[in-house]
Amino acid sequence: MSLYRDEAVVVRTYRLGEADRIVVLYTKGRGKVRAVAKGVRKTTSRFGARLEPTTHVALQLYEGRTLDTITQAETLDHFRAIREDLDRIGRASSVLEAVDQITEEREPNEPLYSMLVGALRALCADDHLLIAPAFFWKLLALEGLSPVVDSCVVCGSEQDLCAFSLEDGGVVCSEHRRGVPVPAESIVLLQLILGGRLGVALAQPVTPATVEVEHLATRALEYHLERRLRSIGVLDRG
Ligand SMILES: [Zn+2]
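If you read the sequence shown in our numbering, its first letter stands for residue 6, the second for the next number, and so on.
Here you go:
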């Protein structure tokens, strides 16, 4: 067995036997990894509260055939402002759940890791409605599904963009209207988020257009996940 060190965000944990936990990690070097934390549920555990979801940790692990074993854990960031606020816990949970659902085990993706740490830091600094949806949109882009938001996905026109077609993966003009109607202000926010100007989008006041971007992000992510599950036959039951 080989020993290795990595940084990770704790995605979720579940019980294993009397005193142990399985910890799902998103690591910098190896992507999603499932590892055992032995004795973590005992009050005398040397891991303490270091292996709770959202925590950013530096770890030492033994590589196992299916599960690795955590031998050391040091906290890099508790993200305390998230842990102490139910709204932020909810937003952080949706970000972690999206990562868990969209990634396969042991497929390294450092840009995704950086984006995840960045989203948690942003959420820690500012409880903004757009942080989780912006993460979803960028996650889809990272999956190679860059949503087209600058021009109509059918004809390329930049005028009268008024809806988002989940099927076509982009916005459409009034002539090719299909999918979910989206106000022009929301499309501008989408352009800022996907154009690398999230800071500008976050600086704007929250309006119904912001809420629309959030709803649409959730729908786009769900649409993608469902289609992928279908493609590997998980949803086909006769
Ligand atoms: Zn068009």
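For every residue, glycine included, the Cβ atom is placed at its ideal position computed from N, Cα and C. Note that the coordinates shown come from a computational prediction; the quantities given were computed from them, not determined experimentally.
(request) Could you spell out the range, first to last residue, of the beta strand (DSSP E) harbouring F52? (result) Where F52 is concerned, there is no enclosing beta strand (DSSP E), given that its DSSP letter is neither H nor E.
(request) Might you give, ordered along the chain, the residues of its own chain that have their beta carbon closer than 7 Å to the beta carbon of R96, omitting 5 neighbours on each side? (result) L128, I136, A137
(message) For P248, count the other beta carbons within 10 Å of its own beta carbon; 16 or more makes it buried, fewer makes it exposed. Which is it?
(response) Absent from the structure is residue 248, since the part of the chain shown begins at 6 and ends at 243.
(request) Identify, in the order they occur along the chain, each residue of the same chain with its Cβ nearer than 8 Å to the Cβ of D25, setting aside the five sequence neighbours on each side. (result) V41, A42, K43, G44, V45, R46
(message) Following a CB-centred definition, is G184 positioned closer than 8 Å to any heavy atom of ligand 1?
(response) no
(message) Quick check on the DSSP output: the beta strand (DSSP E) that includes H181 runs from which residue to which?
(response) Per DSSP, H181 belongs to no beta strand (DSSP E) and is neither H nor E.
(request) Taking the CB atoms as reference points, tell me whether L72 and A13 lie closer together than 9 Å. (result) no
(request) Have a look at A168, S50, H61 and flag the residue whose alpha-carbon is nearest the alpha-carbon of V16. (result) H61
(message) With a threshold of 6 Å on Cβ separation, who are the neighbours of F84 within its own chain once the five nearest residues in sequence on each side are excluded?
(response) T59, L125, C129
(message) Please tell me whether, using a cut-off of 8 Å, the distance from the CB of C129 to the nearest non-hydrogen atom of ligand 1 is below it.
(response) no
(request) Put F84 into one of helix, strand or coil per three-state DSSP. (result) coil
(request) Tell me whether S151 sits in a helix, a strand or coil according to DSSP, three-state version. (result) coil
(request) Give the straight-line distance between the Cα atoms of R191 and T76, rounded to the nearest whole angstrom. (result) Here the sequence assigns Ser to residue 191, which means Arg is not the residue at that position. Near 47 Å, if we compare the C-alpha coordinates of T76 and S191.
(message) Would you say the beta carbon of S170 is closer than 8 Å to some non-hydrogen atom of ligand 1?
(response) no
(request) Pair every Cβ in the region 112–122 with every Cβ in the region 151–165, then say whether three or more of these pairs are closer than 8 Å. (result) no
(message) Output needed for R232: all residues of its chain with C-beta closer than 6 Å, excluding positions within five of it in sequence on either side, in chain order.
(response) none
(request) Could you check which residue in H229, V154, V158 has the C-alpha nearest to that of V218? (result) V154
(request) For the alpha helix (DSSP H) holding H133, just list the boundary residues, first then last. (result) Element bounds for H133: n/a, residue is neither H nor E.
(request) Give me the Cα-Cα distance between E180 and L234, rounded to the nearest whole angstrom. (result) 32 Å
(message) Between A86, E23, R88, E109, which has its C-alpha nearest T244's C-alpha?
(response) No information on residue 244 is available, as it lies outside the stretch 6 to 243 that the chain covers here.
(request) Go ahead and pull the three-state DSSP assignment for L171. (result) coil
(request) Please state whether DSSP places P116 in a helix, a strand or coil. (result) helix
(message) Within the continuous alpha helix (DSSP H) that includes V218, where are the two ends?
(response) 213–236
(message) ligand 2 and H181: does the residue's C-beta get closer than 8 Å to at least one heavy atom of that ligand?
(response) This structure lacks ligand 2; the ligands present are ligand 1.
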